[in-house]
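**Q** Have a look at the structure that comes next, please.
In our numbering, the protein residues as written are 575 to 875.
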């Protein structure tokens with residue numbers, strides 16, 4: 575069994591290039607896989623490995639980046655390794671919004687999963703799913719709306735249209751997008767902005783299915799593709815043509831062809847592309863039969 579640990583921390587960081595090398599070397603040493611994003615404003619990561627190795631890695635990350643605890647964290651189990659390799663990336667922002675988040679003085683507007691239902695059941699509350707449209711389509715909360723933006727940098731344009739007097743309950747996968755979005759709204763004068771503590775993952779882990787207001791599954795950016803209540807691995811797979819999630823129902827469509835296309839991309843792919851994907855899938859199938867791994871079998875990005 576593999577432990578999967580997600581976390582983020584907003585804190586001014588320096589020596590990014592040096593820290594990238596230190597982190598990368600330690601991840602490799604401990605056989606930890608996943609992605610760590612560091613920026614001058616902080617860190618955002620999801621990593622996985624054996625429990626003992628992961629524990630020592632978490633301790634090392636805190637020591638290298640010089641902080642005592644994370645702003646948010648969640649841990650789950652997987653029967654398989656959800657990542658192919660370790661990656662440490664330096665970015666301008668841990669979440670690309672064109673807005674720097676201060677490590678201090680941000681209002682504490684986090685709502686515990688056990689209290690979240692009461693907030694979003696209030697008809698006066700605007701329930702805002704701050705993720706991308708394809709994530710929203712995999713699963714979301716009852717009564718939620720989605721801004722329908724594919725690039726998070728476009729999100730402020732949508733936020734500017736909201737009424738300042740209306741209570742807003744915001745959520746995302748692990749909580750980090752909401753940190754920036756809620757801070758943006760606070761700067762604009764919004765008074766009643768709330769965010770789900772620990773994001774959807776924390777909710778699905780701590781709220782029983784019979785008490786839940788969540789519909790569907792939660793998309794995750796690793797080889798699990800989606801998770802359900804209790805953070806069990808979900809039922810979705812990834813289309814090789816467009817890299818979008820595909821449900822069991824989607825696979826019943828005539829436009830779905832394993833390794834080639836799905837309902838989202840079938841009509842947009844050229845015949846040349848489809849033939850190339852068919853050849854790739856044929857090679858993957860042959861590799862599976864021989865017990866080896868084909869070069870195109872890579873993790874979801």
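Virtual Cβ for every residue (Gly too), placed ideally from N, Cα, C.
Spatial neighbours of residue 645 within its chain, please: C-beta separation below 7 Å, excluding the five flanking residues on both sides.
**A** Hits under 7 Å: 582, 583 and 584.
**Q** Using DSSP's beta-bridge definition, name the partner residues of residue 788.
**A** In the DSSP output, where bridge partners are listed per residue, residue 788 has 715.
**Q** Just reading off the beta strand (DSSP E) that residue 769 is part of, what are its end residues?
**A** Taken as a continuous stretch (DSSP letters only), the beta strand (DSSP E) holding residue 769 covers 767 to 770.
**Q** Of all the options 838, 775 and 831, which has the alpha carbon lying nearest to the alpha carbon of residue 807?
**A** Residue 807 has its Cα closest to that of 775, out of 838, 775 and 831.
**Q** Give every residue of the same chain whose Cβ lies closer than 7 Å to the Cβ of residue 674, excluding the five residues on either side of it in the sequence, and list them in chain order.
**A** 615, listed in sequence order.
**Q** Within the continuous beta strand (DSSP E) that includes residue 584, where are the two ends?
**A** Segment 576 to 584, the beta strand (DSSP E) holding residue 584.
**Q** Measure from the alpha carbon of residue 817 to the alpha carbon of each residue in 778, 708 and 767, then state which is nearest.
**A** The candidate whose alpha carbon is nearest that of residue 817 is 708.
**Q** When you compare only the Cα positions, how much space is there between residue 789 and residue 702?
**A** One C-alpha to the other measures close to 15 Å.
**Q** From the DSSP output, read off the bridge partner residues of residue 611.
**A** Bridge partners of residue 611: 618 and 663.
**Q** With a threshold of 7 Å (Cβ to nearest heavy atom), would residue 663 be considered close to the ligand MN?
**A** In the structure on display, the ligand MN does not appear, and there are no ligands present to speak of.
**Q** Rank 836, 796 and 853 by C-alpha distance to the C-alpha of residue 654 and give the top, closest one.
**A** When each option's Cα is compared against that of residue 654, the closest is 796.
**Q** Report the rounded CA-to-CA distance for residue 624 versus residue 576, giving the unit in angstroms.
**A** Distance between the alpha carbons of residue 624 and residue 576 is about 5 Å.
**Q** Would residue 687 and residue 823 be called neighbours here (beta carbons separated by less than 8 Å)?
**A** No, these two residues do not count as a Cβ contact at 8 Å.
**Q** What residues in its chain sit with their C-beta under 6 Å from that of residue 580, if we drop five residues either side in the sequence?
**A** Correct list, in chain order: 620, 648 and 748.
**Q** Mark residue 853 as exposed unless 16 or more other C-beta atoms lie within 10 angstroms of its C-beta, in which case mark it buried.
**A** Its Cβ having fewer than 16 others within 10 Å, residue 853 is exposed.
**Q** Is there contact here, the segment 764 to 775 with the segment 630 to 640, by at least three beta-carbon pairs under 8 Å?
**A** Contact between the segment 764 to 775 and the segment 630 to 640 is absent, because fewer than three Cβ pairs lie under 8 Å.
**Q** Between the alpha carbons of residue 668 and residue 608, how many angstroms are there, rounded?
**A** For residue 668 and residue 608, the distance between alpha carbons rounds to 15 Å.
**Q** Enumerate in chain order the residues of its own chain whose CB-to-CB distance from residue 746 is below 6 Å, with the five nearest sequence positions on each side excluded.
**A** Excluding sequence neighbours, residue 746 sits near 704, 705, 752 and 773.
**Q** Apart from the five residues on each side of it in sequence, which residues of its chain come closer than 6 Å, Cβ to Cβ, to residue 663?
**A** Hits under 6 Å: 611.
**Q** From the DSSP output, read off the bridge partner residues of residue 651.
**A** Residue 651 is bridged to 577.
**Q** Quick check on this structure: which residue in 814, 787, 820 and 859 has the alpha carbon closest to the alpha carbon of residue 800?
**A** When only C-alpha atoms are compared, the closest one is 820.
**Q** Once the 5 residues before and after residue 805 are set aside, which same chain residues still bring their CB inside 7 Å of it?
**A** Result list for residue 805: 650, 775, 778 and 779, in chain order.
**Q** Going by Cα to Cα distance, which pick from 665, 815, 784 and 600 is closest to residue 588?
**A** It is 665.
**Q** Between the alpha carbons of residue 875 and residue 659, how many angstroms are there, rounded?
**A** Because residue 875 carries a pLDDT of 43, less than 50, the predicted location of this residue cannot be relied on, and no value is offered for it.
**Q** Alpha carbon to alpha carbon, how far is residue 737 from residue 720? Give it in angstroms, no decimals.
**A** Residue 720 and residue 737: Cα-Cα distance of roughly 16 Å.
**Q** Would you identify the three-state DSSP class for residue 758, choosing helix, strand or coil?
**A** Helix.
**Q** Assuming residue 757 and residue 693 form a contact by the criterion Cβ under 8 Å, report the distance between their Cβ atoms to the nearest whole angstrom.
**A** Not a contact, Cβ separation roughly 19 Å.
**Q** Using three-state DSSP, classify residue 744 as helix, strand or coil.
**A** Of the three classes helix, strand and coil, the one that applies to residue 744 here is strand, per DSSP.
**Q** Any idea which residues DSSP pairs residue 685 with across the strands?
**A** BP columns for residue 685 point to 770.
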